[in-house]
Amino acid sequence: MEEKFSFEENMAELNKIVAELEKGDIPLEKAVELYGRGVELSAVCKKQLSEAKIKITEVDGNLPSEK
Amino acid sequence: MPVVTVTQLNKYLGSVFRGDRNLQGIMIKGEISNFICHYKSGHMYFTIKDSESALKAVMFAQAASRLKFVPEDGMSIVAAGNIVVYERDGVYQINVTDIIPEGKGKETAALEQLKRKLAKEGIFDTAHKRPLPDMPKKIGVVTSLSGAAVRDIINVLSRRWPLGEVYAVNAVVQGQSAPDSICAGILSAESAGCDVVIVGRGGGSSEDLSAFNSEKVAYAVYNCKVPVISAVGHETDVSITDLAADMRAPTPSAAAELAASVSVDILSDRIRIAEKRLKSAVSSVVSEKEEKTALAGSRLSARSPENLLRLTEERLENLRKRYGFAFASYLGRMESKVNEKIRSLDNLSPLKVLSRGYSLVYKGEELISDSDKLENGDIVSIRLGEGGVTAKIKDKW
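Respectively, the protein sequence lines represent chains F and Z.
For what it's worth, numbering that gives the first Met the number 0 labels the leading residue of the first sequence as 0, then goes sequentially.
For what it's worth, numbering that gives the first Met the number 0 labels the leading residue of the second sequence as 0, then goes sequentially.
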């Protein structure tokens, strides 16, 4: 599921999960579920980071270039 | 013909000079000679001359302190100031307010003027400066794609921010068409959805900065909807584009570093920190649950039937004890009361009265307290203090 999302989105989701867990006062099942998702997300984020390759688009401006 | 004094004449000439707009706020072109900086006051005295004429000049310390260079003999300059009469000596001179080294003098003066104008229009206001995005999705680069700058930028970005996208727009950076080309490039990057734009020179020190000092480019930078980083990079001069940009970088590589403020290393750290926090948060949730369970268990066992029974028994035993105590003390109290009664009973006992000499007379079972109850010949029993007697009534009175 996470691969569909951008690194930023996954990272934001991860941070949200951390914040929710840190708030505490949640059922154990929910905590375990969140933790599982968090671990998954961090793995996806790491993967996305290591596999990222910069995309380059080169365009000519509206005016003709000198060269 | 009226006769006037020298002082009057010089004063008059002074006022004539001050009233002549051709002599006030003028720019004089020439070469500096006889330069003296008065070491104590800081005032500068010199002569401005050309091939045919000379003009005395003075620049007072306050104005002189604003100069970014030290004037010297032989230097070609344009001096700005007012022509005044020095009344004491009867000479006129220029009161210099600013000196612009010549050569680029005219251009520099025009540039200064444009800077002042744009500053007045708020193009350089710090309030308008926008923060750069933390993690830019698309980074626009407007420069000459044949130059070294774009390579430098891509190198830095692919190392620091491979998650991003570079949108490089080729622009003419010098010559007549440069300002329009740079403006078009900025617009193109903006409409392509870039969230930050780097505008810079193509690289190579021979290029001139004039396009980056144009009003058009300044406005294009100012009006750009996303933050602009300038990478015009010149050691001595700050270009108008630098002043209008949200952020100024000394080189294209530095501009790329600014654009990718959050590097891959920082992001890896962030992931690690998030993982750590995740672990400690979940374990604190778990231990919190454990504590709650333990607490509930102890509360539950406190309410178990066995426990309740034990408690009831204890209470009962307690009551029994209290009852025992209470009863014993009641008995004691009763006993002492009875003893007391017995004592007072003793005091009232007829035996006590009898022991003092009184007697009780019975006829049968009846205690006789009136002689009318008896007849002569009746047999009575008389109870004395000790013992008793039986007697027969002989007479009564």
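The beta-carbon is built from N, C-alpha and C at its ideal position, and this holds for glycine as well.
| Item | Value |
| --- | --- |
| Please classify residue 137 of chain Z as buried or exposed, where buried requires at least 16 neighbouring CB atoms within 10 angstroms. | buried |
| Any idea if residue 2 of chain Z is buried or exposed, counting beta-carbon neighbours within 10 angstroms, 16 or more meaning buried? | exposed |
| Helix, strand or coil for residue 44 of chain F per DSSP? | helix |
| Run through DSSP, which three-state label would residue 10 of chain F get? | helix |
| Please list the partners that residue 51 of chain F has in chain Z, where partner means a Cβ-to-Cβ separation under 7 Å. | 161, 162 |
| Terminal residues of the continuous alpha helix (DSSP H) containing residue 33 of chain Z? | Taken as a continuous stretch (DSSP letters only), residue 33 of chain Z belongs to no alpha helix (DSSP H), being part of the beta strand (DSSP E) at 25-36. |
| Is the Cβ of residue 6 of chain F closer than 8 Å to any Cβ of chain Z? | yes |
| Identify each residue in the segment 77-101 of chain Z for which the Cβ-Cβ distance to at least one residue of chain F is less than 7 Å, and report them in chain order. | none |
| Name the chain F residues whose beta carbon is nearer than 7 Å to that of residue 276 of chain Z? | 17, 21 |
| Residue 390 of chain Z by DSSP, collapsed to three states: which one? | strand |
| Does the CB of residue 184 of chain Z have a neighbour CB from chain F at under 8 Å? | yes |
| DSSP three-state label for residue 204 of chain Z, please. | Below a pLDDT of 50, predicted positions are generally treated as unreliable, and residue 204 of chain Z, at 49, falls in that range; the measurement from the model is reported next regardless. Here residue 204 of chain Z sits in coil by DSSP. |
| Cβ closer than 8 Å: which chain F residues qualify as neighbours of residue 169 of chain Z? | 57, 58, 59, 60, 64 |
| Which residues, taken in chain order from the segment 38-49 of chain F, show a beta carbon closer than 8 Å to some beta carbon of chain Z? | 38, 41, 44, 45, 47, 48 |
| Please look up how many angstroms separate the CB atoms of residue 254 of chain Z and residue 272 of chain Z, rounded, as I've assumed it's under 8 Å. | At roughly 28 Å, the Cβ-Cβ gap does not stay under 8 Å, so residue 254 of chain Z and residue 272 of chain Z are not in contact. |
| What residues are listed by DSSP as bridge partners for residue 311 of chain Z? | Paired residues: none, contrary to the question. |
| Alpha carbon to alpha carbon, how far is residue 14 of chain F from residue 40 of chain F? | 10 Å |
| Within 8 Å of any Cβ in chain Z, is that where the Cβ of residue 11 of chain F sits? | no |
| In angstroms, rounded to a whole number, what distance separates the CA positions of residue 392 of chain Z and residue 379 of chain Z? | 7 Å |
| Buried or exposed: which applies to residue 333 of chain Z, given that a residue is buried once 16 or more other Cβ atoms fall within 10 Å of its Cβ? | exposed |
| Run through chain F and tell me which residues come within less than 9 Å of residue 266 of chain Z, C-beta to C-beta. | 6, 10, 44, 48 |
| Do the CB positions of residue 59 of chain Z and residue 243 of chain Z come within less than 8 Å of each other? | no |
| Less than 8 Å between the C-beta atoms of residue 95 of chain Z and residue 79 of chain Z, yes or no? | yes |
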